[in-house]
Amino acid sequence: MNDFSPAAMKTLLKQAGMRATPARIATLTMLSQSSKPLSHAEVAAELENLGVDKATVYRNLNDLVGANLLRRAELGDHIWRFELADHHDEACSPHPHFVCIDCGAVSCIDEKYLQATDFKLADKTVTVKEILVRGHCNNC
Ligand SMILES: [Zn+2]
Ligand SMILES: [Zn+2]
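Under this note's numbering, the letters of the sequence shown match residues 1 to 140, in that order.
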């Protein structure tokens with residue numbers, strides 16, 4: 001997907017069988033234009049300008065995750081962050097995230113660095129839900 005316009009977001013919502021409310025369109029548009037996953041607080045701060053309250057933002061984020069339009073990740077700081085499920089062109093492909101241990105900056109790592117989503121751990125096969133890379137960002 002390369003079209004991140006509000007009109008494209010509206011189509012996405014309709015295809016998922018959801019009502020294309022202005023708040024949902026704004027949420028998806030904002031996340032589609034972000035190069036990193038955003039927390040509820042970050043989305044709420046932005047949508048507040050449009051008169052959308054925090055509770056509505058929270059509900060919409062969860063509904064959009066439920067409809068597989070968003071993916072959420074917990075990157076070790078107990079904060080859920082949200083991103084568009086097909087942000088990286090492949091529908092719903094999970095990818096690792098980088099977190100800076102100094103400033104907490106988060107970014108997406110290209111999924112090509114993650115080939116296997118199932119691998120063996122001792123004698124058990126595990127299903128990977130989240131891969132986290134921690135280090136220092138360019139600013140730190
Ligand atoms: Zn940093
Ligand atoms: Zn990501």
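Beta carbons: idealized from backbone N, C-alpha and C, even for Gly. Since we're looking at a predicted model, the values are computed, not measured.
Exercise for review: Tell me the start and end of each unbroken alpha helix (DSSP H) in the region 30-94 that is at least 4 residues and wholly inside, in chain order.
Suggested key: Restricting attention to alpha helix (DSSP H) runs no shorter than 4 residues, the region 30-94 encloses them at 40-47 and 54-66, ordered along the chain.
Tell me the residue span of the alpha helix (DSSP H) that contains T11. Segment P6 to Q15, the alpha helix (DSSP H) holding T11.
_For ligand 1, I want to know if N62 counts as a neighbour, meaning its beta carbon is within less than 6 Å of at least one of the ligand's heavy atoms._
Remark: the shortest separation between the CB of N62 and any heavy atom of ligand 1 does not fall under 6 Å.
Review point. Taking 6 Å as the line, does the beta carbon of E42 fall inside it for any heavy atom of ligand 2?
Key: No, since every heavy atom of ligand 2 falls outside the 6 Å radius drawn around the Cβ of E42.
- Can you tell me the Cβ-Cβ gap for D110 and H95, rounded? I've got them flagged as a contact below 8 Å. Correct: roughly 7 Å between the Cβ atoms.
Notebook entry, point to check: Can at least three beta-carbon pairs, one atom from the region 121-128 and one from the region 45-64, be found at a separation below 8 Å?
Noted result: At 8 Å Cβ cutoff, the stretches do not touch.
Q. Nearest-angstrom Cα distance between L36 and R19?
A. Reading off the sequence, residue 36 comes out as Lys, not Leu. One C-alpha to the other measures close to 26 Å.
- Item | Proximity of V52 and L75 at Cβ, strictly below 7 Å | No, they are not a contact pair.
Open item on the list: Run through the DSSP bridge pairs and tell me what R148 is partnered with.
Closed with: Since the first residue shown for the chain is 1 and the last is 140, residue 148 is missing from the structure and cannot be characterised.
Check your understanding: Does the separation of the CB atoms of A85 and L70 fall below 7 Å?
Key -> For A85 and L70, yes; Cβs fall inside 7 Å.
*Exposed or buried, what is A26 when buried is set at 16 or more other beta-carbons lying within 10 Å of its beta-carbon?*
Classification of A26: buried, given that the 10 Å Cβ count is 16 or more.
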